[in-house]
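**Q**
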Amino acid sequence: MGMRAARRSAGFVALLLGVGVIVAAAFVDVRELAAAFLVAYAAAVSVVLGVLALTLIAHLTTATWFRPFRPRAQLVLTCLPVLALVGVLLLLAIPVLYPWFDAANPAHGYLNTPFFIARWVVYWMVWIGIEASLRRARGIEQSGNVEEASRRFRRVASAGLPLLAVTMTFAAFDWLMSLTPDWQSSIYGVYWFAGGMVAAFALLAVLVRLIGAPLPEPSPDDVHALGKLMLTFILFWVYIGFSQYIVIWSGDLPREVAWYARRGSGGWALVAGLLIFGSFVFPFLLLLIRSIKRSASMLALIGAALLALHCIDSFWIVMPGLVPVRWWTVVVTAASLGLLSVAAVAPMRLRRRALPARTLPPNHLRGQPG
């Protein structure tokens, strides 16, 4: 009991420090604070949407390995309304973040504030609507009508996955790529999606260790499946990133090369190296080992590292050329990540307290992942 009280006190002090940093940052440099918030927001939203995509894929492919992870994924998806509400801050930051805000160039007709806000609303309506449809299907499942629930899950997944793919792509264009409106990449949204999927697998691996009863404990075979798919999406993420880089490098157009030149020089080159080795080389080599893929504890450690590196990847994407980066920028970004995490975790904690005794979802799923 004393240990729990000490943890709560430490958490409360950390929360106060985070709030203090954000308040101070608002007086020091509003643009820097807005950029730090965008880093945290883009990272958090991509992770939760990755979990949503993974849930839809599992229902569509009827993957039995996902059954013990599914209740944890459902907890993560409760964060969507909170992230939508917090996202209003991004709309307030449009004037200080995006160079197209006061641009009179008709070539940027797509990038104007009313249309940006309208698209933002559509994105969140789609994402929350998909989660609400899944929740209604779970209600049918809990009533005992497993066959009808299974059909409903597949219908939601069949319609939801294309909608999620399109909206995530355009959200990446709007929120991140439009920071440099004269630079475009057709697979930019896929890169954001791939990073979010890697982070989603990482988060589920961490939650297996953090959240035990009453949620079901995955078997070594289930953990092994999670590890294999984590490795697969790590390869997918690095493939998309390399494809984008090699196409731009081959074209050698100054307008396109400038984006990578800014992120491949000075200290940013070290960050890029950290991402290559930390997010690809090391986890790739570790996940080739079967015993590691079957260990929930080892997978949780790898997952925690990948989550941290996903945030660094968002920092590497957003910050170069936006604001001068200094130690205070890193502190403000860390505080933004911490406060956003607290806000997102709150509905998860409430939902977890309402869970019944340890149960496993009905076995309406069939098959194994390839």
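Numbering of the sequence shown is given in our numbering, commencing with residue 18 and proceeding in unit increments.
Don't be surprised by glycine CBs; every beta carbon is placed ideally from N, CA and C.
Source: prediction; values computed, not measured.
(1) With a threshold of 8 Å, are at least 3 pairs of Cβ atoms found where one atom belongs to the region 94-105 and the other to the region 32-49?
(2) With distances taken Cα to Cα, identify the nearest neighbour of R231 among R366, A189, A360 and L108.
(3) Using the C-alpha atoms, what's the distance from V173 back to V138?
(4) Report the rounded CA-to-CA distance for F29 versus G35, giving the unit in angstroms.
(5) What are the boundary residues of the alpha helix (DSSP H) that includes S167?
(6) Counting pairs of Cβ atoms below 8 Å between the region 138-155 and the region 222-240, do you hit three or more?
(7) Whole angstroms is fine: what's the gap from L94's alpha carbon to L102's?
(8) Assuming L108 contacts I134 (C-beta within less than 8 Å), just tell me the rounded distance between them.
(9) Would a C-beta distance cut-off of 8 Å place F187 and L106 closer than the cut-off?
(10) Taking all protein chains shown into account, decide if F294 is buried (16 or more other Cβ within 10 angstroms of its Cβ) or exposed.
(11) Excluding sequence positions up to five away, which residues of its chain have a Cβ less than 8 Å from the Cβ of V340?
(12) So what's C328 in DSSP terms, helix, strand or just coil?
(13) CB-CB under 7 Å to H241, same chain, minus the five flanking residues each way: which ones, in chain order?
(14) Give me, in chain order, the residues of the same chain whose beta-carbon lies closer than 6 Å to that of A31; leave out the 5 immediate sequence neighbours on both sides.
(15) What is the residue span of the alpha helix (DSSP H) that E49 lies within?
(16) Counting along the chain, where does the alpha helix (DSSP H) carrying V225 start and finish?
(17) Anyone know if the C-beta pair for A361 and A61 falls short of 8 Å?
(18) Among G146, I145 and P112, which has the Cα closest to the Cα of T130?
(19) D330: buried (16+ other C-beta within 10 angstroms of its C-beta) or exposed?
(20) Check each candidate in L316, V56 and L252 and name the one with the smallest Cα separation from F297.
(21) DSSP on I263, reduced to helix/strand/coil?
(22) Do L323 and G9 count as a contact pair if the criterion is CB distance below 8 Å?
(23) With distance defined between alpha-carbon atoms, name the residue in P337, S267 and P271 nearest to L287.
(24) Could you compute how far the alpha carbon of S195 sits from the alpha carbon of T78?
**A** Short version:
(1) no
(2) Looking at the sequence shown, residue 231 is not Arg but Pro. Among R366, A189, A360 and L108, the Cα nearest to that of P231 is on R366.
(3) 21 Å
(4) 10 Å
(5) V163 to W192
(6) no
(7) 14 Å
(8) 6 Å
(9) no
(10) exposed
(11) D46, R48, E49, A52 and T346
(12) helix
(13) K310 and R311
(14) none
(15) V47 to T78
(16) Y205 to L227
(17) yes
(18) P112
(19) buried
(20) L252
(21) helix
(22) Past the boundaries of the shown model lies residue 9; the chain is included only from 18 to 387, so the question cannot be answered.
(23) P337
(24) 35 Å
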